[in-house]
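*Asks:* Let me give you the structure first, and then I'll get to my questions.
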Amino acid sequence: MPEQNQNSETVNLTAADVGTVDLTPKSHPMRKMGNKDVFCAKCQAVRSMHVGLDKNNEILTVCPDCNHFYKFPLVEDPAELDKMLLDHHESNKGQITVEMAEAAQKEYDDKFKKLMGIA
Amino acid sequence: MKLFENPMYYGRCLAATFEFEEDNGAAAGSPAKGTTRTAARTEANWKNIDDSTTAYTSNPITAGNNSFEKWQFGHFSGTFNQILNGLFAHTATAFGTGLTLKGTPACTNDASRLLYTTPSTTANSNLSTDMTSAISIGSGVGVCFGATGPEATGKATSMTTNPCYTNYLTTQLQTTGSAAAGDTAQVTLTLQYDEN
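Below, the structure is given as structure tokens:
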């Protein structure tokens, strides 16, 4: 029989090498947003809207008046959302829908016809 | 290209040639642009793939998700002196429930042009314009023009360089779970400009 050597090495783990892992679920700060004032591009007015996360963890808010929704990417800091909402407001204020333009044109035409006595 | 003769002024008016083009793929270069550039686009189908060729029926958007962004832009060539007064908007046909169209912010100078990023299905916070409702083109977002490409610096509200390009006219269709299955309505997006 050939001679067999058996070797072994040991590693000493001291207390300083052992860390703790916190497995407590953390709630994302954006889950605690509640309601915020959001400009609705469709209503052209600021509405109090519930702000929450959808199944893709994107920020979702819905206008309670017209049901139009707005999505924003998830951010860590609520101040970043405030900045996006401000940009959203600035970008969309003053939109004139086709319906509003047609109503304004009809009102103008009606006034013109009345002035001309052809109403 | 059309040729018009105006006998009253004994002059000739030549028209610019226009086409939409589209960038796709990873952001490349500086300033960044798409890896692939496709000319002569006649539609923009929002879908669950970043290209300009695959049928939208092959890569539908699952309700609750977003499309990849569409990075389209205008390209002017032919004969013109100046292109100016650019506006971009959704001008006809309403979207159904559970659909929101987001689009490029107004471009009023070189600093405000939208910079290309690799298309993805994440809601793009840079697309701050809500284009869901059909609006009067007069209240559309401002568009700038420049040489070389939509990505290039030097964009301005009027341009004499030929050829010239708009800034990126990027859009993304976003949905919630309440979006109906099947095709969305076919909507019209308008780029209005003056030329002389």
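Line by line, the protein sequences give chains A and B.
First residue of the first sequence: 54, per our numbering; consecutive thereafter.
First residue of the second sequence: 168, per our numbering; consecutive thereafter.
The beta carbon of each residue, even a glycine, is placed where N, CA and C say it ideally should be.
Since we're looking at a predicted model, the values are computed, not measured.
Would you check if the distance between the CB atom of proline 330 of chain B and the CB atom of arginine 280 of chain B is smaller than 9 Å?
*Replies:* Arginine 280 of chain B sits away from proline 330 of chain B, with the two beta carbons spaced by 9 Å or more.
*Asks:* Step through the CB atoms of chain A and report whether any lies within less than 9 Å of the CB of glycine 231 of chain B.
*Replies:* yes
*Asks:* Could you work out which residues of chain A lie near isoleucine 302 of chain B, taking near to mean beta carbons separated by less than 9 Å?
*Replies:* Within 9 Å Cβ-Cβ: Gln148, Ile149, Thr150, Val151, Met153 and Ala154.
*Asks:* Mind listing the chain A neighbours of serine 341 of chain B? Cutoff is C-beta to C-beta under 9 Å, in chain order.
*Replies:* A small fix is needed here, since residue 341 of chain B is glutamine in this sequence, not serine. Going along chain A in sequence order, the residues near glutamine 341 of chain B (Cβ under 9 Å) are Glu111, Phe122, Tyr123 and Lys124.
*Asks:* I'd like to check one pair, glycine 344 of chain B with lysine 95 of chain A: are the Cβ atoms closer than 9 Å?
*Replies:* no
*Asks:* What does the Cβ neighbour count give for methionine 137 of chain A, buried or exposed, with the cut at 16 atoms within 10 Å?
*Replies:* buried
*Asks:* State the beta-bridge partners of serine 325 of chain B as determined by DSSP.
*Replies:* Serine 325 of chain B is bridged by DSSP to B:Leu251.
*Asks:* Taking only beta-carbon atoms, is aspartate 297 of chain B less than 9 Å away from chain A?
*Replies:* yes
*Asks:* Take glutamine 249 of chain B as the anchor and find which of B:Asp217, B:Ser325, B:Gln239 and B:Phe255 has the nearest alpha-carbon.
*Replies:* B:Ser325
*Asks:* Could you check where the alpha helix (DSSP H) with glutamine 158 of chain A kicks off and where it finishes?
*Replies:* Start and end: 151-169.
*Asks:* Since proline 227 of chain B meets chain A, which of its residues come closer than 7 Å, beta carbon to beta carbon?
*Replies:* Result: empty, since nearest Cβ-Cβ is about 16 Å, beyond 7 Å.
*Asks:* When the Cα of glutamate 143 of chain A is compared with those of A:Lys164, A:Phe92 and A:Glu62, which residue comes out closest?
*Replies:* Relative to glutamate 143 of chain A, the option among A:Lys164, A:Phe92 and A:Glu62 whose CA is nearest is A:Phe92.
*Asks:* Can you pull the DSSP bridge partners for glutamate 362 of chain B?
*Replies:* B:Ile250
*Asks:* Assign proline 117 of chain A to one of two classes, buried (16 or more other C-beta atoms within 10 Å of its C-beta) or exposed (fewer than that).
*Replies:* Here proline 117 of chain A is exposed: its Cβ has fewer than 16 other Cβ atoms, across all protein chains shown, within 10 Å.
*Asks:* Helix, strand or coil for tyrosine 335 of chain B? Go by DSSP, reduced to three states.
*Replies:* coil
*Asks:* Please report the straight-line C-alpha distance between lysine 200 of chain B and aspartate 90 of chain A, rounded to a whole angstrom.
*Replies:* 36 Å
*Asks:* Along the chain, where does the beta strand (DSSP E) containing asparagine 88 of chain A start, and where does it finish?
*Replies:* 87-93
*Asks:* What distance in whole Å lies between the Cβ atoms of glycine 307 of chain B and phenylalanine 255 of chain B, which are believed to be in contact at a cut-off of 8 Å?
*Replies:* Yes, they are in contact, since the Cβ atoms of phenylalanine 255 of chain B and glycine 307 of chain B sit about 5 Å apart, within 8 Å.
*Asks:* Would methionine 169 of chain A pass as an interface residue toward chain B - the criterion being a Cβ-Cβ separation below 9 Å?
*Replies:* No, because no Cβ of chain B sits closer than 9 Å to the Cβ of methionine 169 of chain A.
*Asks:* Proline 198 of chain B: which of B:Gly321, B:Ala352 and B:Thr351 sits nearest, CA to CA?
*Replies:* The option with the nearest alpha carbon to proline 198 of chain B is B:Gly321.
*Asks:* If I'm right that cysteine 311 of chain B touches asparagine 293 of chain B with Cβ under 8 Å, what's the distance once you round it to whole angstroms?
*Replies:* Cysteine 311 of chain B to asparagine 293 of chain B, Cβ: 16 Å. No contact.
*Asks:* Are any of the Cβ atoms in chain B nearer than 9 Å to that of glutamate 62 of chain A?
*Replies:* Not an interface residue.
*Asks:* Tell me the residue span of the beta strand (DSSP E) that contains glutamate 143 of chain A.
*Replies:* Secondary structure note for glutamate 143 of chain A: it is in no beta strand (DSSP E), and the uninterrupted alpha helix (DSSP H) holding it is 131-145.
*Asks:* Buried or exposed for serine 61 of chain A, going by 16 or more other Cβ atoms inside 10 Å?
*Replies:* exposed
*Asks:* Could you work out which residues of chain B lie near lysine 253 of chain A, taking near to mean beta carbons separated by less than 8 Å?
*Replies:* Nothing can be reported for residue 253 of chain A, as the shown portion of chain A is limited to 54 through 172.
*Asks:* Would you mind telling me which residues of chain A sit closer than 9 Å to serine 244 of chain B, beta carbon to beta carbon, in chain order?
*Replies:* In chain order: nothing, as chain A lies at least about 31 Å away.
*Asks:* In or out: histidine 242 of chain B buried (at least 16 other Cβ within 10 Å) or exposed?
*Replies:* buried
*Asks:* Decide if the region 146-161 of chain A is in contact with the region 200-220 of chain B; the criterion is three or more beta carbon pairs, one per stretch, under 8 Å apart.
*Replies:* no
*Asks:* Which same chain residues, not among the five before or five after threonine 299 of chain B, have their C-beta less than 6 Å away from its C-beta?
*Replies:* Counting only Cβ-Cβ distances below 6 Å, and skipping sequence neighbours, we find Phe262, Thr267 and Leu268.
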